[in-house]
Structure formats: C-alpha cells, structure tokens
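Residue numbers (my numbering), protein chains in the order written: chain A, 1 to 217; chain B, 218 to 434. One structure is given here, and the rest of the page talks about it.
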DNA sequence: CCTCAAACTGAGGATTTATTCATATCTTCA
DNA sequence: TGAAGATATGAATAAATCCTCAGTTTGAGG
C-alpha cells in the first residue's frame with residue numbers, strides 16, 4: 001500500500017537559516033502563480049526563479065530537477081488538505097452518520113473551491129508525473145481518518161465500514177473533480193453540493209436499512 | 218455552452234485515398250501505444266511517426282502541431298464513448314429509473330475498464346491541453362442523451378430532470394475517474410461498481426419520495 | 001499509357017530549456 | 001572579529017525536439 005517517493009523527486013536540502021525558508025516559500029508561491037497563469041507546459045525553472053526573485057541556481061539547490069519542484073508543491077497542498085479533512089473527521093467523532101457525510105462533503109468542497117484557480121492548476125499539474133506515492137499517501141490518510149470517524153458513529157451500519165468509507169470518499173472526491181471539469185473556467189455549481197449531500201445520505205440510509213442489526217430497533 | 222475548437226488544433230486535411238486513411242489510422246494507433254508506454258512527456262512527433270511506419274513530414278501533413286495530434290486522439294476516443302452512452306440511453310427509453318441508472322453505470326464502467334491502460338493514458342494526456350471544446354462537447358452530448366432517457370421514465374420524478382441527470386453523470390464519471398486514481402496501476406475495484414449502483418438508486422428513490430406527485434400512488 | 005494531384009520523405013534549421021559550477025555573498029557563533 | 005558553513009549567483013553547456021520544405025513516389029481518371 002505504501003509507495004515510496006522516487007529518489008529523483010526528493011528535495012535536495014532543507015533550509016536552515018531564515019532567509020532560506022523565505023526563498024523556498026517564494027519559490028513555491030511563484031510556481032503556483034505560474035501554473036495558474038500559464039499551465040505546466042509553459043513553466044520553466046528560469047521563469048520560476050525569476051518570479052520568485054532568486055536565481056535559477058538557487059532553485060537547484062533545493063530541488064534536483066523541475067519534476068521535484070512540481071512534486072513538492074503538490075505535496076504541500078495535499079498534506080494541508082489531508083490535515084483539514086482529518087481535523088474535520090476528528091471533530092465529528094461519535095456523531096450521527098448523516099452529519100458526518102455532510103461535514104465531509106462541505107469540508108472538501110470548501111477546500112477545493114475557495115481557490116478554484118489553484119485547484120484547477122494543481123489538478124492539471126499532478127497528472128504528468130510519477131505521483132503514485134503522493135496520491136496513495138493522501139488516500140491512506142483520508143481513508144483512515146474517515147473510517148475512524150464512521151466507525152464511531154452512534155448509528156453506524158454493520159456493513160463493512162472500510163468499503164462504505166471508500167465508496168463515499170471516491171464519490172465525493174470524484175464528483176468534485178468532475179464538477180471542476182464541467183465548469184470550464186467559471187465558478188463551481190453549488191447545486192451539486194446539495195445533491196451530493198442528499199445522495200450520500202440516501203446511500204447511508206440504504207446501508208442502514210439493509211443492515212440486519214437495524215431490525216432490532 | 219458551445220466552445221469552438223482552437224484553430225491551432227484543427228486537423229490540416231482529411232485523407233482522400235485509401236492509403237492516406239491507413240496512414241492516419243497508424244498514426245493514431247502509434248500515438249496511443251506510446252502514450253500508454255511512456256506517457257505524454259516522452260511523446261515526440263518523430264517517435265510517433267517512426268512507430269507508425271511513416272515519416273515525420275507525413276504526420277505534419279495531417280496535424281499542424283503536436284497538440285493537435287493529442288487532441289485528435291482524444292476526440293476520436295470521446296466521440297466513440299459518447300456514442301456508446303447515447304446508444305445505451307436510447308435502448309432504455311421508457312424503462313424504469315432504476316434500470317436506467319444501472320445501465321448508465323455499467324455502460325460507462327465497461328467502456329472505461331475494458332482497456333484500462335488506454336483509459337489511464339488518455340486521462341493523463343487530455344489534461345495539459347486546450348481541451349475545453351472537447352470536454353464541453355462530450356458533456357453536452359451525454360447530458361442530452363441521459364436527460365432524454367430519464368424524462369421518458371415511467372416513474373420519472375417531477376424534480377428538475379436536468380439537475381438530477383447532471384448530478385448522476387457527475388457522480389458516475391467522477392467516481393470512475395477517482396477509482397482509476399486509487400488503483401495506481403492495478404485493476405479497478407469492481408466492488409465500487411455495485412455500491413455506485415446502490416447509491417444512485419437510493420438517490421433516485423429519495424427524489425421520488427420527496428416528489429409531491431408520488432403521493433398520488 | 002500519361003498526367004496531375006495526392007501522399008510521402010527525412011535531413012537539418014531554429015529555438016527552447018534543464019541543469020551545472022566556479023565564484024561571490026551572507027550568517028552564525030566561538 | 002574572523003573563520004566556516006550556508007546560501008545565492010547567472011553565464012555557459014549540452015541536449016532535445018518541433019516543424020519545414022524541396023524534392024520524390026504513388027495512385028486515379030481519362
């Protein structure tokens with residue numbers, strides 16, 4: 001399940017002094033800005049360095065190559081996202097299934113739409129890359145957090161909780177992504193969020209009904 | 218809603234003689250094979266021509282540039298996919314909502330998984346491209362086909378059929394794509410398909426229940 | 001069989017871009 | 001203060017790749 005990061009994508013060194021941290025931060029920021037503005041195909045290390053206000057050489061002190069830079073940017077983004085989801089899951093422990101799914105949807109939705117341009121740019125940038133480690137780490141973290149949450153539900157169905165979780169996350173993550181594709185460049189249709197909540201809740205109800213334990217009520 | 222194809226991506230000329238059609242076909246095939254094998258970043262026009270058994274010059278007689286080639290390959294693929302979906306929708310006219318969704322899921326699932334490697338390769342290749350026209354044409358066609366189908370259902374809910382259709386398609390397309398991302402390189406988990414059917418059916422039931430008309434029964 | 005358009009060839013021009021490294025400048029802290 | 005490590009510089013290198021075009025071959029219709 002755990003896939004290790006290809007060595008060619010590992011960062012070269014970590015900043016030790018304060019100015020180095022600032023440099024790194026500027027590089028990340030510049031990369032995102034350029035990805036948003038012109039897309040991956042127009043992104044060159046020289047341009048990134050220029051926009052970040054440093055020289056190319058500096059960039060190459062932290063990243064062994066261009067790929068590693070893109071990788072790192074996505075890593076930071078996904079780490080933050082996974083963290084948000086995890087926090088939301090923890091906060092809902094012991095609650096009812098229904099409000100759990102809604103929290104999950106709203107949290108993810110919010111995170112993705114609050115900076116739609118960045119979301120779109122990164123969706124595009126991860127693709128053409130050796131991103132298996134990245135994706136699988138993200139999946140593992142979110143799956144674990146959600147499974148733990150759902151298992152703690154006061155009305156948890158006795159159906160395989162891992163399966164149910166996986167289905168729900170797949171649907172939420174996938175639907176949101178598809179919504180971004182549909183909305184070519186404009187805003188994301190919020191009506192979908194409502195319907196997604198209805199659909200997931202309906203699914204959970206269906207799980208609870210088909211559950212032999214529920215007859216006890 | 219209709220977005221036109223950027224002129225820089227338009228095909229240069231259409232084949233008139235039989236050998237030209239064969240050449241074009243060979244170029245498409247070679248492109249797909251290379252995308253599957255090495256990905257977009259390793260794809261060069263020279264390599265495509267070589268594998269297709271023609272010279273680069275020939276390739277450039279049909280496509281003004283590399284992008285246009287990738288574009289065309291995806292266009293052919295999406296056209297075929299949209300056609301399959303349309304056919305399935307037509308075949309289910311007048312049926313019950315439930316079997317309609319299931320057909321939709323199974324058709325799309327089948328189409329995407331029967332050649333998973335190609336699916337994956339194309340998912341990756343469309344991204345870094347001016348693909349708005351492509352996507353919106355596909356969406357328009359499938360939406361129209363599905364809306365028409367659902368509207369003909371004997372048990373159609375009176376809820377906005379366009380909304381319901383959009384939600385269902387978004388969820389199906391999105392979930393399938395996410396399933397591909399989760400299954401790094403291996404086979405796609407078929408358990409998800411079952412659950413997706415359950416979820417969509419549950420959603421439709423919920424729509425029908427909240428429907429004032431349904432009280433008439 | 002002959003002619004003309006369609007189809008094909010592929011070496012090379014032009015440009016772009018990733019990455020290095022010898023050198024210079026800052027920070028820290030003893 | 002001064003030495004040593006950390007950080008930054010950016011011209012230069014080396015490689016890759018897109019795409020053109022002048023010329024050749026093929027096929028179809030008369």
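Backbone N, C-alpha and C define an ideal beta-carbon position, used for all residues, glycine too.
Asked	Found
Beta-carbon contacts of residue 214(A) that lie in its chain and below 8 Å, excluding the five residues immediately before and after	Confidence at residue 214(A) is low in this model, with a pLDDT of 48, below 50, so its placement is unreliable and the value that follows should be read with caution. Within the same chain, residue 214(A) has close Cβ partners 157, 208.
Interface positions of the region 42-59 of chain A facing chain B (Cβ-Cβ less than 8 Å), listed along the chain	none
9 Å Cβ cut-off: residues of chain B touching residue 100(A)	Under the 9 Å cutoff, chain B gives no residues; its nearest Cβ is about 16 Å from residue 100(A).
Within-8 Å CB hit, residue 198(A) to chain B	yes
Reference residue 308(B), options 394(B), 320(B), 297(B), closest by Cα	320(B)
Pair within 8 Å by beta-carbon distance, residue 150(A) and residue 97(A)	yes
Cutoff 6 Å; reference residue 217(A); Cβ partners in own chain excluding five residues on either side	The predicted position of residue 217(A) is uncertain, since its pLDDT is 41 and thus under 50; no value can be drawn from it.
For residue 8(A), three-class secondary structure by DSSP	helix
As assigned by DSSP and simplified to three states, the class of residue 418(B)	helix
Which of helix, strand or coil DSSP assigns to residue 128(A)	coil
Close Cβ partners of residue 49(A) (< 7 Å) along its chain, the five nearest in sequence each way excluded	55, 56, 58, 59
Expected contact under 8 Å - CB spacing of residue 43(A) and residue 34(A) to nearest Å	5 Å
Host alpha helix (DSSP H) of residue 93(A) (start-end)	It is not in any alpha helix (DSSP H) - residue 93(A) carries neither H nor E in the DSSP assignment.
Residue environment, residue 318(B), which counts as buried when at least 16 other CB atoms sit within 10 Å	buried
Residue 64(A) versus residue 141(A): straight-line alpha-carbon distance, rounded	27 Å
Chain A contact for residue 387(B) (CB, 8 Å cutoff)	yes
Contacts of residue 136(A) in chain B (Cβ-Cβ under 7 Å)	401
Interface partners of residue 128(A) on chain B, CB under 8 Å	256, 257, 258, 341, 344, 345
First through last residue of the alpha helix (DSSP H) which encompasses residue 173(A)	161-182
Residue-level contact to chain B via CB, residue 167(A), 8 Å cutoff	yes
Under 8 Å between C-beta atoms of residue 227(B) and residue 279(B)	no
Cβ of residue 291(B) within 8 Å of any chain A Cβ	no
Reduced DSSP secondary structure (H/G/I, E/B, other) of residue 332(B)	coil
Beta-carbon proximity of residue 306(B) to residue 362(B), cut-off 8 Å	yes
Proximal chain B residues relative to residue 132(A), where beta-carbon distance stays under 9 Å	401, 402
Any C-beta of chain B under 8 Å from that of residue 65(A)	no
Below-8 Å beta-carbon distance, residue 12(A) vs any chain B residue	no
Nearest-angstrom Cβ-Cβ length linking residue 295(B) and residue 248(B), presumed shorter than 8 Å	With a Cβ gap of about 15 Å, residue 295(B) and residue 248(B) do not count as contacting.
Where the alpha helix (DSSP H) through residue 59(A) begins and ends	56-62
Contacting positions in the region 136-160 of chain A - beta carbon closer than 7 Å to chain B	136, 139
Which listed residue (130(A), 202(A), 194(A)) has its alpha carbon closest to that of residue 413(B)	202(A)
Residue 14(A) beta carbon near the ligand MN (any heavy atom closer than 7 Å)	Absence of the ligand MN is noted for the structure shown, with no ligands found whatsoever.
Cβ-based neighbour list, residue 94(A), same chain, cut-off 8 Å, excluding 5 preceding and 5 following	152, 153, 154
As assigned by DSSP and simplified to three states, the class of residue 191(A)	helix
Rounded straight-line distance, which links the Cα of residue 347(B) to that of residue 185(A)	12 Å
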